[in-house]
Each structure stands twice: as C-alpha cells, then as structure tokens.
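Counting from 969, one number per residue, gives the positions in the sequence shown under my numbering. Ideal placement from N, C-alpha and C gives every residue a C-beta, glycine not left out. Shown next, in structure tokens, is the structure this report addresses.
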Amino acid sequence: MNDASMGIPAQGAAGLIVPGAPLAKAASPETMGFKAYNLARMAALGLNVPPAFVLGTSLCAHPEAVTPALWRDALTRLEAAAGLRFGDPRRPLLLSVRSGAPVSMPGMMETLLNIGLTDATLPGLIRSTGNPRLAWDAYRRLIAGYGEVVAGIEAAAFEADLDQVRMGEDERALDFAALRDLAQRHLETYRRLTQEAFPQDAVAQLQAAIAAVFRSWSSAKAVAYREMRGLSHGMGTAVTVQRMVFGNAGGLSGAGVGFTRNPSDGDPAPWVDFLFNAQGEDVVSGRRSAQGHDRLAAIAPRVWEELVEATKALERHFGDMQDFEFTVEDGKLFLLQTREGKRTPQAAARIALDMADEGLIDRDTARSRTAGLDAAALTTRVIVAEDGAAAATLGHAATASSGVASGVVAFNEEQVAAAEAAGKPAILARENAETHDVALIDRVRGLLTRHGARTSHAAVVARQLGKVCLVGCEAMRIDEPGGRIGFGDEWLDPGAVITLDGNSGRIFAGASRTAEQVPTELLRRLDLLHERTG
C-alpha cells in the first residue's frame, strides 16, 4: 500500500502498518521517524503489533496543514484493519498518538492514550469488552493525560483527585465505581481549570492530540535534549496513530518496558520492568514504581516465553541490543516499539563481544562498537569499607545505572546551582523520575527518586548521560521547604551529603570511600578482539 492510495501526500505520511505487511521501499527513519520505522520492521517480521498509520516528519514544520481531511482516509483503513470504528457508540476504536523523531529521544516528546473515549462511546466500550472497570480506567486516564498535554493543566491537579479517591490504596485495586467517581472528578477539574468542558467529539480529540504531539517537538525539554546531544532542531518528529491495546484490562493484562540484555553490565538475559493491570505510561512516566519480570514469568509463563522469543527475533533482525515496549491484553502479547538500547560502556563492551561470539554481528562490527573502550573507559568505582566497618545503609532502591556517586542533596535547579557555585557535586533527589529534569540530570553526579522504574524515560536518559541512577526508593521522604531528606524515621540535616551505590542499590550518609575496579576479563577479551584482523 502506498501513500497516495491512502489519500495522504507521500511526503506527509507512511502507509498502514499491520502485522505481516512488507516494509515499503520508500520507508525510512528520516521520513517516518525511527519509532514508526521500527514498528513497520517488526510488523514485516510477523511480530504482533497493533495496526497504525503515520504522519511524517515533514509535517512537523507545518502543523497547520495537518487537518482531519489529511488523515481521514488513513483512519478509515485503520478502522478496517481493527474491525472497529472511531467514535462509534457501539464498538468504538480507541487510539494512541505517539511521537517519533528520526533519532531516539526517550521521553522528550508527548504521548496520548485512549483517544476517542467520550460519554457517548464509553457505554459501547463497556458492552464490547464486558469490562466496566477497563472503560472507566481508560476514561479517567484520557481526561488526565489530555488535560495535561493538550490543555496544559498541571499533573498535580489530577493526582490530587486520585489521592482523594484511593485514600492510600494502590490505584490498580480500585473498582469500576471508584474509577467512575475519579473520572467525574477529573471532568470537573478539567472544566474548573480550563473554563471549558472536556471535548466530547472523538475527531476533535484526535486532531488536538496530533497537534499537541507535533507541538511537543519544540518543548523546553526536547530542545534542551537536542542541544545536549548535538542533534538538529530541523529533523522534526513524526506522529504515529495506533490502535489501543489495553494492559489495564485486568487478569493477564499489563504493560512493560525492557531491554533484550542488561544495559548496565551487558548480561545476556532480558531486563524487564512490568506492571499488571497498567498502561505503558505507568512504567515510563517515572511516576509509578514497577516490578521486574519475575511476577510476569510466574503468573503468565506462556506470555513470558513468547516475549523472550520476541527479544531473540529482535536481536537477530536488528543486530544490536534493543530497548522495547510491550503490552499484554488478556494474555495476548503486543509489541509497541523497539529501538537501540542505551547502555553503559561496560555493557557496550560485553554486548558487542557476546554478540560476535553468538554470530549476531561480525567481528569488524564488534571492533567498531568497542573502539575507544579502553581500561580508563571501563574502570568503575566501588565502595570499600572504612577500617573494615560497613557503612550504615539509609535505604535501598532499584539500580537503573551503576557506579558510585556522592554529593550534596539538591531538590531543584536553585540548589543545584548553589552546589555548583560552591564547587560541590550534587545528587538530585526527586519524588518522580521525570524527563523535564533532563537539563538538571546533566549537571549532577546522580539521580535518586522515590518513584519510578528502571526503564522510565528519565532513568534511560541518566544512563545515557553516564549518571548513577537509583529509582523507587519508597523509604525516602523529601521536605523541600525545610531542605531535608529523610529515610524511614531518620532525617538528614539540610545540605547533607549522600552516596548512591549503583552497584548494590544502597544509599549511604556522607561521602563513602571508593576504589577503582578494573574489569580484567573484559579487557582481555577486548584485546583478543582487536588483535585479530580477520
């Protein structure tokens, strides 16, 4: 299927992406963004991806041209592929709207989920799924996500609604009546803060969501990230419009993000964060903590085995370690995206060596990927005990990026700047691991968060920047007005120094003594690789 057959200019959109469809000859990351391009490659491999269409990167510079007339034919074809109709009160099609630049920019632009859910289509979703909890959960998520991304409402306003309803309970345990109450609260919050009712026209929702994703290319965090990475501001983002699949459907449903190998040390086993009864944004947003894959493997072993096989297929095709996102809906696995995974230098060396040994890449490729990874680049720091006495542990967290970092605790840009002015390194402590902190993360030694998953976008960025990162330290408490950080019942004085041990996931008071650890076996393998010329 070509672009003209969809009624969309070739420079503006790509053809419909469905499982088993061959990759179009004209498809490229430059025209359709890496996310959609790799989605199309996964579809061509026969992997199960939800059908989608793409509005290309050329439209990012002319968002005013992106009207319903431009994408209506593509939507009709997507409806046919899904067997559902957008805005239909009986069997509604719901959509996700995702960004995707020609190069990976994790979490720097916006995503909207559950587009097309309204007061009119919600009863149809309940009837067609037989799942009122799913419908009300999706609706309250849409109102909050749309309110934040499109209408510019602070996320805290919707979080306050959630706190009033859940009363300390995990939101995934709320029943449909509680979620219905929450959705009604969100509708009132939206009306109160925008002076307008939440839009009840599905087409208007989709048009506004597409415009918001294109607009997010110019957001402060996206601009800062491109400047940090030396990326062109002229590339633009594409927009992928995709059928929703529901990890929040209860039972054997959930959302996950993972790496085909460990991005910290290169261990050749999938490294996955997963949440049952959740949507993907719960994992990557940095506002929720997730579990590793053990529960998924124990409760849904067939799904886990299928996922492991999918990771092998991805590595065979792409020839590199992948960072992927997936959803499980009622025991059925869907792949949503894949990209080259960010990794530490130690992981880069081991992954290249192992892949060459496994025959996934040739030795010339392995040599190219490990060029410059010498003893200095691969030596890490580890904590050593003072006089044989182990330091007291303040708390534990999940390791998103290894190493050791000590610094003054800072909660915001002003405190980071004060530490810089005093010539002191800083550790950024946050409630959530969110990507709007990207400029600050680049200025500190490490990141510590109370919530968030190892695969949240902010953790991925911290790993890419070479920062120690610990996430999900639930025992941590932040008293920002008082300038204090606490762990359990213990509070540290303002301006306290802490140490993050990314090797063990522990947090210590003060600056810990460290020593260099040289990976002799890894260096030996690299020497053998680079000695060979054939």
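Between the alpha carbons of residue 1498 and residue 1336 lies a gap of roughly 10 Å. An exposed status is given to residue 1496, since fewer than 16 other beta-carbon atoms sit within 10 Å of its beta-carbon.
Pairing residue 1484 with residue 1344, the inter-Cα distance amounts to about 10 Å. Residue state for residue 1010 is assigned as helix, using DSSP reduced to three classes. By the neighbour-count criterion, in which 16 or more other beta carbons inside 10 Å mark a residue as buried, residue 1419 falls on the buried side. Each of 1007, 1462, 1020 and 1000 was checked against the Cα of residue 1379, and the nearest Cα belongs to 1462. The C-alpha of residue 1057 lies about 25 Å from the C-alpha of residue 1295. Closest in C-alpha terms to residue 1290, from the list 1161, 1197 and 1225, comes 1225. Residue 1441 carries a coil assignment under DSSP once its states are collapsed to helix, strand and coil. Between the C-alpha atoms of residue 1002 and residue 1068 there is a straight-line separation of about 6 Å. Separation of residue 1303 and residue 1276 (C-alpha to C-alpha, rounded to the nearest whole angstrom) is 12 Å. Taking C-beta atoms as the reference points, residue 1425 and residue 1075 count as a pair closer than 8 Å.
Between the region 1018-1038 and the region 1323-1332 there are fewer than three C-beta pairs closer than 8 Å, too few to call the two in contact.
For secondary structure counted as the beta strand (DSSP E) over 3 or more consecutive residues, the region 1284-1327 holds these complete runs in sequence order: 1290-1297 and 1300-1308. If you ignore the 5 residues before and after residue 1219, its C-beta comes within less than 7 Å of the C-beta of 1298, all in its own chain and listed in chain order. Taking 8 Å as the upper bound for CB-CB distance, residue 1022 and residue 1306 are not in contact here, some 16 Å apart. In the three-state reduction of the DSSP assignment, residue 1351 falls in the strand class.
Annotation: residue 1250 to residue 1478 spans about 33 Å, alpha carbon to alpha carbon. About 5 Å separates the beta carbons of residue 1083 and residue 1177, which is inside the 8 Å limit, making them a contact pair. Distance from the CA atom of residue 1196 to the CA atom of residue 1187, rounded to whole angstroms, is 14 Å.
From the listed residues 1167, 1081, 1097 and 1150, the smallest Cα separation to residue 1119 is found for 1167.
Contact check for residue 1365 against residue 1466 fails: the beta carbons are separated by 8 Å or more. For residue 1425, the enclosing alpha helix (DSSP H) covers residues 1425-1432. Straight through space, the alpha carbons of residue 1092 and residue 1430 are spaced by roughly 42 Å. Between residue 1447 and the set 1269, 1397, 1020 and 1229, the nearest pair of CA atoms involves 1397. In this structure, DSSP gives residue 1453 an extended state, which the three-state scheme calls strand. Nearest C-alpha to residue 1060 among 1096, 1404 and 1160: 1096.
Counting the other CB atoms within 10 Å of its CB gives residue 1030 a total below 16, which places it among the exposed residues. A Cβ-Cβ distance of about 6 Å is found for the pair residue 1019 and residue 1046, placing them in contact under the 8 Å criterion.
Under the criterion of beta carbons closer than 8 Å, residue 1409 and residue 1433 qualify as touching, at roughly 6 Å.
In this structure, the straight-line span from the alpha carbon of residue 1013 to that of residue 1283 is close to 12 Å. Taking C-beta atoms under 8 Å as the contact rule, residue 1279 and residue 1228 qualify, at a distance of about 4 Å. Sequence-distant Cβ neighbours of residue 986 in its own chain, meaning closer than 7 Å and more than five residues away, are 1011, 1019 and 1049.
In this structure, the straight-line span from the alpha carbon of residue 1216 to that of residue 1223 is close to 8 Å. Our two residues, residue 1191 and residue 1351, have alpha carbons roughly 36 Å apart in a direct line. Nearest to residue 1062 by C-alpha distance, out of 1078, 1072, 1089 and 1077, is 1089.
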